[in-house]
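Enquirer: Line order of the protein sequences matches chains E and H. For the first sequence, my numbering gives the first residue as 1, with consecutive numbering after it. For the second sequence, my numbering gives the first residue as 1, with consecutive numbering after it. Where a beta carbon is used, it is the ideal one built from N, C-alpha and C, also for glycine.
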Amino acid sequence: MEALYATVTGFLAASGLYLALRGRTFPVVVGLTLLSYAVNLFLFSTGGLTTNGAAVIRDGVNDYADPLPQALVLTAIVIGFAMTAFSVILAMRVRGDQGSDQVNDQRGEEPKEEKS
Amino acid sequence: MSLPLIVLLPLLGSLVPLLSSNRQRNLNAWSTALLPAIALGIVIAHAPGVVAGEVYHSSMSWVPQLGLDLAFRLDGLSLLFLLLILGIGLLIILYARYYLAPEDSMPRFYAYLMLFMTSMIGIVMADNLLLLWVFWELTSLSSFLLIGYWYQQSEARRGARMALAVTGMGGLAMLAGFLLIGHIVGTYDMQTVLDSRELIQADPRYLPALLLVLLGAFTKSAQFPFHFWLPHAMAAPTPVSAFLHSATMVKAGVFLLARLHPALAGSQLWLYIVTLTGLVTMIYAAYFALLKYDLKGVLAFSTVSHLGLITMLFGLDSKLAVVAGLFHIINHATFKAALFMSSGIIDHETGTRDIRKLSGLRRSMPMTAALAGLAAASMAGVPLFNGFISKEMMLTETLESGLLGGLAWLIPVLATLGSVLSVAYSLRLIRNVFFGPEAKELPKTPHEAPFWMRLPMLILVGLCIVIGLIPAVMVSGLLDAAARVTILAPRPELHLSIWHGFNLPLLMSAIALAGGVGIYAVRRNLFSFQRQFPQRNALMIFEHSVRRLLQWTQVTIDRLENGSLQRYMLWLIVAVLFLTGSGLLDLDQLQGSRQPQPLDGLLLAGAGITILAGLGTAVLHRRRLVSLMMLSVVGLMVSLAFARFSAPDLALTQLAVEVVTVILLMLALFFLPQRTPKESSGARVVRDVLLAAGFGGVVASLNYALLTRPLDSISGFFLDNSVSGGGGHNVVNVILVDFRGFDTLGEITVLCIAAIGIYKLLNRLRLFMPSSDSEGRPWSRDLHPMLLATVSQSLLPLALLVSVFIFLRGHNEPGGGFIAGLVTAVALILLYIARGVDWAQQRLSFQYQPIAVTGVAIATLTGLGSWLFGHNFLTSAFGHFSIPYIGEIELATAMLFDLGVYLTVVGATLMILANLGKLTTRHRPSKENEKETV
Chain E
1 MEALYATVTG
11 FLAASGLYLA
21 LRGRTFPVVV
31 GLTLLSYAVN
41 LFLFSTGGLT
51 TNGAAVIRDG
61 VNDYADPLPQ
71 ALVLTAIVIG
81 FAMTAFSVIL
91 AMRVRGDQGS
101 DQVNDQRGEE
111 PKEEKS
Chain H
1 MSLPLIVLLP
11 LLGSLVPLLS
21 SNRQRNLNAW
31 STALLPAIAL
41 GIVIAHAPGV
51 VAGEVYHSSM
61 SWVPQLGLDL
71 AFRLDGLSLL
81 FLLLILGIGL
91 LIILYARYYL
101 APEDSMPRFY
111 AYLMLFMTSM
121 IGIVMADNLL
131 LLWVFWELTS
141 LSSFLLIGYW
151 YQQSEARRGA
161 RMALAVTGMG
171 GLAMLAGFLL
181 IGHIVGTYDM
191 QTVLDSRELI
201 QADPRYLPAL
211 LLVLLGAFTK
221 SAQFPFHFWL
231 PHAMAAPTPV
241 SAFLHSATMV
251 KAGVFLLARL
261 HPALAGSQLW
271 LYIVTLTGLV
281 TMIYAAYFAL
291 LKYDLKGVLA
301 FSTVSHLGLI
311 TMLFGLDSKL
321 AVVAGLFHII
331 NHATFKAALF
341 MSSGIIDHET
351 GTRDIRKLSG
361 LRRSMPMTAA
371 LAGLAAASMA
381 GVPLFNGFIS
391 KEMMLTETLE
401 SGLLGGLAWL
411 IPVLATLGSV
421 LSVAYSLRLI
431 RNVFFGPEAK
441 ELPKTPHEAP
451 FWMRLPMLIL
461 VGLCIVIGLI
471 PAVMVSGLLD
481 AAARVTILAP
491 RPELHLSIWH
501 GFNLPLLMSA
511 IALAGGVGIY
521 AVRRNLFSFQ
531 RQFPQRNALM
541 IFEHSVRRLL
551 QWTQVTIDRL
561 ENGSLQRYML
571 WLIVAVLFLT
581 GSGLLDLDQL
591 QGSRQPQPLD
601 GLLLAGAGIT
611 ILAGLGTAVL
621 HRRRLVSLMM
631 LSVVGLMVSL
641 AFARFSAPDL
651 ALTQLAVEVV
661 TVILLMLALF
671 FLPQRTPKES
681 SGARVVRDVL
691 LAAGFGGVVA
701 SLNYALLTRP
711 LDSISGFFLD
721 NSVSGGGGHN
731 VVNVILVDFR
741 GFDTLGEITV
751 LCIAAIGIYK
761 LLNRLRLFMP
771 SSDSEGRPWS
781 RDLHPMLLAT
791 VSQSLLPLAL
801 LVSVFIFLRG
811 HNEPGGGFIA
821 GLVTAVALIL
831 LYIARGVDWA
841 QQRLSFQYQP
851 IAVTGVAIAT
861 LTGLGSWLFG
871 HNFLTSAFGH
881 FSIPYIGEIE
891 LATAMLFDLG
901 VYLTVVGATL
911 MILANLGKLT
921 TRHRPSKENE
931 KETV
């Protein structure tokens with residue numbers, strides 16, 4: 001099971017990174033979101049994979065899932081949303097102001113166009 | 001103690017000239033001279049004690065953490081230099097009063113000059129290595145201001161820049177050397193360092209420390225090969241040159257050699273490096289001094305040459321070499337300052353400094369001619385002048401040196417050669433300028449300079465002669481005191497006199513005089529010999545290399561920072577792969593000792609779907625809508641994974657966030673191109689796939705290695721204390737709102753800031769609205785389907801009820817502020833989607849920004865509230881209450897905090913989505929719009 005879990009994390013990370021390396025804003029945002037899923041899964045697994053563990057403290061129960069990574073990942077999910085939202089709106093703003101959705105700095109190419 | 005006053009008075013003096021205007025020139029000069037004159041008085045008052053062997057100290061703590069103290073000392077060496085700096089400084093103030101043209105700003109000049117004087121005094125009086133360095137750099141800076149005084153001239157600006165670059169660089173090297181010495185000795189206190197000679201020289205760090213310190217000294221004293229800045233510093237006004245290059249700036253380097261002589265000298269390394277550098281500089285510069293046509297150029301190179309002579313003397317291992325060096329410092333300061341002043345007068349009165357144009361000036365300015373002639377005689381080492389005595393001493397010491405072993409005769413021979421050249425350029429200076437036929441076509445008609453301008457020269461030349469005639473009376477006490485702190489070995493008796501009888505040094509002096517006259521006679525042959533070499537301008541070479549360096553750095557920066565986000569990502573990922581990969585390589589094996597858990601079919605299926613959806617998102621990324629749907633599948637599967645592995649809170653959060661994220665991205669996609677054009681080259685795709693595969697492989701391996709190793713968690717503490725300390729059974733929630741509440745406060749603040757940032761980004765955003773989707777189909781005109789509207793409207797109260805339920809029970813069951821806030825937000829957004837922004841806005845007539853900000857404020861105030869009860873920030877208090885139908889709930893201050901979280905999440909999420917949604921409705925084709933246009 002551990003191997004399977006790790007494989008899933010690896011595939012998500014690889015797909016996310018591939019997208020993050022694209023040259024247009026939207027795939028990059030999607031890639032970052034995918035990467036944050038992979039990171040959350042990874043972070044979550046640092047507490048071990050507990051099946052049927054108790055999430056809430058009850059008398060006489062000893063098999064709890066590790067709460068600490070959960071708390072970390074919970075805030076990470078919300079912050080990840082804020083980051084995705086900010087980057088995608090930034091992408092829209094860039095398209096609105098510059099008319100392009102390319103991630104690379106376009107300023108360097110302008111003088112060339114002037115020359116030609 | 002009045003020692004700090006000696007430094008402080010000139011420092012204050014740099015403000016005095018700024019108080020009076022440029023027009024009151026006499027007042028300006030006299031008021032400026034007042035404070036350094038008092039300082040000189042204090043120095044002279046201490047002089048008898050110092051000569052008698054006393055060393056005065058004064059120390060205040062400044063930055064004790066660095067070992068930097070405001071410590072000053074007044075010993076023989078300091079006294080010698082202080083007399084030169086203050087004495088010649090006062091003469092320069094007088095001289096500059098008459099030299100500066102009416103349009104030159106006199107207050108500015110004097111302010112710079114006094115600042116420079118202060119830093120020189122600081123160097124010679126510093127009793128702490130770091131303090132010495134501080135003043136050292138201050139001389140570099142203030143000399144930069146002085147050399148660039150005529151900042152409207154390009155030559156002055158460039159010369160000043162080069163001087164600053166070279167001496168500043170040397171200063172930094174020197175600092176490194178001082179730090180090394182400080183580490184060896186354990187303190188920066190000067191006396192301790194001077195007493196730790198064996199300790200320093202036995203240390204392996206002695207070599208780098210010595211080289212670095214010498215680099216500082218040699219750049220300052222313009223020793224070969226760092227001499228090139230000095231001739232270009234001649235672009236400064238002549239009083240500056242007279243001060244900087246006779247008594248001060250360049251003497252700082254040789255002062256350092258003398259000051260650290262007890263600690264650093266005596267090794268073979270010192271002997272060879274210092275002596276040979278000095279010797280080479282002396283001859284090299286003397287040769288070029290002979291060839292220069294500019295009066296100040298001749299003096300500049302002769303200064304370099306004489307500094308080489310002093311450096312050589314400080315390097316030599318013979319008995320009286322250091323004393324001879326100290327003596328020559330005094331003599332060189334007097335005659336060189338006088339010569340610079342005479343060149344200034346000539347420049348001032350004739351309008352040129354070109355030796356080829358000047359001639360026969362003795363007729364029009366006899367007094368200046370006489371004084372310059374006497375000073376030049378001293379420079380040439382003619383008997384009865386002070387230059388003769390120190391030169392004799394120098395020749396004597398070179399004879400006694402054991403340097404170079406069997407080739408030891410080379411040193412006196414080369415020293416004599418240097419003296420020959422010195423005689424030749426002195427003779428050329430005087431004879432060509434003052435003798436011969438009267439010059440024609442000069443820019444100005446020459447006449448004698450005013451008396452007050454000649455007075456400083458007169459005093460200096462007088463000193464040259466008096467010291468030359470009765471050296472024992474004039475300087476032996478001072479030299480003795482200075483030598484006492486410079487030489488550690490038993491001091492030999494010092495016999496200063498003009499006549500030592502017929503001996504070898506006297507013969508060498510005679511050879512120097514005769515040879516000098518001979519070389520002067522055949523100088524035209526030398527000039528034509530030199531003409532076959534290409535002319536090289538040090539300034540051009542320096543600036544060219546600086547430009548090259550700048551170009552190179554710019555090219556490097558451009559290569560690294562080329563504006564390509566993809567490139568930056570590449571560097572980041574390569575770095576991550578390298579760091580993490582090397583960590584993995586160190587593992588013995590990937591699999592740890594923990595027993596793997598069993599697999600089942602459901603897990604396999606879930607993993608398969610997740611992987612396929614993840615790959616699909618990447619592979620189909622150019623069809624953006626499809627890619628987005630694939631992404632949402634991944635999000636849902638992740639949420640299921642959290643549920644499967646006993647994390648219901650996470651599953652709920654992930655589910656709610658997933659919904660919000662996908663709605664957000666759908667909205668954004670509406671404004672962005674629906675498809676990504678095919679841009680990446682095949683090679684780029686291969687590179688990225690390989691990189692991604694490598695990254696995924698590393699992440700998976702790391703995760704697997706982590707999962708199969710024994711777990712040692714600190715969570716036991718939270719499980720044990722959750723109920724007793726936080727009053728809640730849901731440990732995750734207790735951690736969020738109580739144990740790590742401060743972190744959560746930070747998180748919601750970030751969320752709020754992000755939302756406000758987005759709000760501003762959307763402000764006045766103009767976007768292209770596609771009228772149809774990517775397939776060319778026009779948008780549906782039925783904007784708000786009845787079914788969705790009805791369902792969403794009836795769902796809203798239910799969803800709000802659920803969120804209240806989740807919120808209230810969050811402390812003990814899965815739930816809490818984050819999840820409840822997201823549920824509320826999703827329900828409201830659904831309403832927006834179903835009914836449109838305008839409709840919803842009419843009914844929900846409140847702003848979301850205040851809600852989010854209020855949320856953060858409530859959370860913060862809750863935390864601050866615990867201060868009222870004398871507890872730490874965010875300490876929670878709780879009690880249990882029973883509410884009918886909901887069950888027992890716990891009312892804790894943590895719940896108030898959670899309310900803040902709830903409000904922030906609702907406010908921030910809706911601030912983002914509602915504002916984005918508003919954009920879409922502005923020009924969207926709707927039934928009403930269509931009717932209007934038809």
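Anything in chain H within Cβ reach of Leu43 of chain E, meaning under 7 Å, just list it in chain order.
Expert: Result: empty, since nearest Cβ-Cβ is about 10 Å, beyond 7 Å.
Enquirer: Three Cβ pairs or more, each shorter than 8 Å: is that satisfied between the stretch 670 to 681 of chain H and the stretch 543 to 560 of chain H?
Expert: Taking 8 Å as the limit for Cβ pairs, the verdict is that the stretch 543 to 560 of chain H does not touch the stretch 670 to 681 of chain H.
Enquirer: Leu628 of chain H: beta carbon under 8 Å from a heavy atom of the ligand ATP?
Expert: With respect to the ligand ATP, the structure shown offers nothing to examine, as it has no ligands at all.
Enquirer: Flag this pair as touching only if the stretch 31 to 44 of chain E and the stretch 6 to 14 of chain E have three or more C-beta atom pairs under 8 Å; answer yes or no.
Expert: yes
Enquirer: Can you have a look at Pro239 of chain H and say buried or exposed, based on whether 16 or more other CB atoms are within 10 angstroms of its CB?
Expert: With 16 or more Cβ atoms within 10 Å of its Cβ, Pro239 of chain H is classed as buried.
Enquirer: So which residues on chain H does Thr19 of chain E lean against when the C-beta distance must stay under 9 Å?
Expert: Reading the sequence as shown, one finds Leu at residue 19 of chain E and not Thr. Chain H residues near Leu19 of chain E: Thr617, Ala618, His621, Ser627, Ala692.
Enquirer: Counting beta carbon pairs with one atom in the stretch 219 to 234 of chain H and one in the stretch 96 to 111 of chain H, are three or more of them shorter than 8 Å?
Expert: no
Enquirer: Mapping DSSP to helix, strand and coil, what is Leu57 of chain H?
Expert: Looking at the sequence shown, residue 57 of chain H is not Leu but His. The answer is strand: DSSP assigns His57 of chain H an E or B state.
Enquirer: The stretch 28 to 52 of chain E: which residues have C-beta closer than 8 Å to a C-beta of chain H, in chain order?
Expert: Those would be Val28, Val29, Val30, Gly31, Thr33, Leu34, Tyr37, Ala38, Asn40, Leu41, Phe42, Phe44, Ser45, Thr46, Gly47, Gly48, Leu49, Thr50, Thr51, Asn52, in chain order.
Enquirer: Compare the beta carbon distance of Ala242 of chain H and Thr368 of chain H with 9 Å and say whether it is the shorter of the two.
Expert: no
Enquirer: Nearest-angstrom Cα distance between Leu130 of chain H and Arg259 of chain H?
Expert: Between the C-alpha atoms of Leu130 of chain H and Arg259 of chain H there is a straight-line separation of about 14 Å.
Enquirer: Is it right to say Met630 of chain H is buried, meaning 16 or more other beta carbons lie within 10 angstroms of its own, or is it exposed?
Expert: buried
Enquirer: If you follow the alpha helix (DSSP H) that Asp743 of chain H is in, where does it begin and where does it stop?
Expert: 741 to 762
Enquirer: With 9 Å as the threshold, decide whether the Cβ of Gly60 of chain E is near any Cβ in chain H.
Expert: no
Enquirer: Using a Cβ cut-off of 8 Å, pull out every chain E residue sitting near His729 of chain H, in sequence order please.
Expert: Val56, Ile57, Arg58
Enquirer: Considering only the alpha carbon of each residue, which of H:Met379, H:Pro471, H:His447, H:Gln793 lies closest to Pro366 of chain H?
Expert: H:His447
Enquirer: Leaving aside the five residues before and after Ser142 of chain H along the sequence, list all residues of the same chain whose C-beta is less than 7 Å from its C-beta, in chain order.
Expert: Contacts found: Tyr112, Leu115, Phe116, Ser119.
Enquirer: What is the rounded straight-line gap between the Cα of Ile89 of chain E and the Cα of Leu34 of chain E?
Expert: 17 Å
Enquirer: If we ignore side chains and look at the alpha-carbon of each, how far apart do Arg157 of chain H and Lys336 of chain H end up?
Expert: In a straight line, the C-alpha of Arg157 of chain H is about 24 Å away from that of Lys336 of chain H.
Enquirer: Which residue spans inside the stretch 52 to 107 of chain H form an unbroken alpha helix (DSSP H) run of at least 4?
Expert: 76 to 99
Enquirer: DSSP on Lys927 of chain H, reduced to helix/strand/coil?
Expert: The predicted model places Lys927 of chain H with a pLDDT of 48, which falls under 50 and marks its position as unreliable; any figure quoted below should be read in that light. Lys927 of chain H falls in the helix class under three-state DSSP.
Enquirer: Taking 9 Å as the CB-CB limit, is Gln98 of chain E close to chain H?
Expert: Contact with chain H is absent for Gln98 of chain E, since none of that chain's Cβ atoms lies less than 9 Å from the residue's Cβ.
Enquirer: Return the chain-ordered list of same chain residues with a C-beta closer than 7 Å to the C-beta of Leu665 of chain H, the five sequence neighbours on each side being excluded.
Expert: Leu628
Enquirer: Are Gly917 of chain H and Tyr832 of chain H close, meaning C-beta to C-beta below 9 Å?
Expert: yes
Enquirer: If you drop the 5 nearest sequence neighbours on each side, which residues of the same chain put their C-beta closer than 7 Å to that of Leu504 of chain H?
Expert: Closer than 7 Å at the Cβ level, and outside the excluded window around Leu504 of chain H, lie Leu399.
Enquirer: Can you check DSSP and say which residues form a bridge with Asp63 of chain E?
Expert: The partner list for Asp63 of chain E (beta bridge, DSSP) is empty, contrary to what the question assumes.
Enquirer: Return no unless some Cβ of chain E is closer than 9 Å to the Cβ of Tyr704 of chain H.
Expert: yes
Enquirer: Would a check of beta-carbon distances place Gly614 of chain H closer than 9 Å to chain E?
Expert: yes
Enquirer: What runs of the alpha helix (DSSP H), each 4 residues or longer, lie entirely inside the stretch 113 to 180 of chain H?
Expert: Counting only runs that start and end inside the stretch 113 to 180 of chain H, the alpha helix (DSSP H) elements of at least 4 residues fall at 129 to 147.
Enquirer: Beta carbon of Ser246 of chain H, beta carbon of Phe144 of chain H: below 9 Å?
Expert: no
Enquirer: Between the C-alpha atoms of Tyr89 of chain H and Leu34 of chain H, what's the straight-line distance to the nearest angstrom?
Expert: Here residue 89 of chain H turns out to be Gly, not Tyr, going by the sequence shown. If you take the alpha carbons of Gly89 of chain H and Leu34 of chain H, they lie about 12 Å apart.
Enquirer: Applying the criterion that 16 or more other CB atoms from any shown protein chain within 10 Å of the CB defines a buried residue, is Asp586 of chain H buried or exposed?
Expert: exposed
Enquirer: Scan the stretch 649 to 676 of chain H for residues whose Cβ lies nearer than 8 Å to a Cβ of chain E and list them as they occur along the chain.
Expert: Asp649, Leu650, Thr653, Gln654, Val657, Val660, Thr661, Leu664, Leu665, Ala668, Leu669, Phe671, Leu672, Pro673, Thr676
Enquirer: Any beta carbon of chain H sitting closer than 9 Å to that of Glu2 of chain E?
Expert: yes
Enquirer: Out of curiosity, what's the CA-to-CA distance linking Thr862 of chain H and Tyr759 of chain H?
Expert: 27 Å
Enquirer: Quick check: is the beta carbon of Ala683 of chain H nearer than 9 Å to any beta carbon in chain E?
Expert: no
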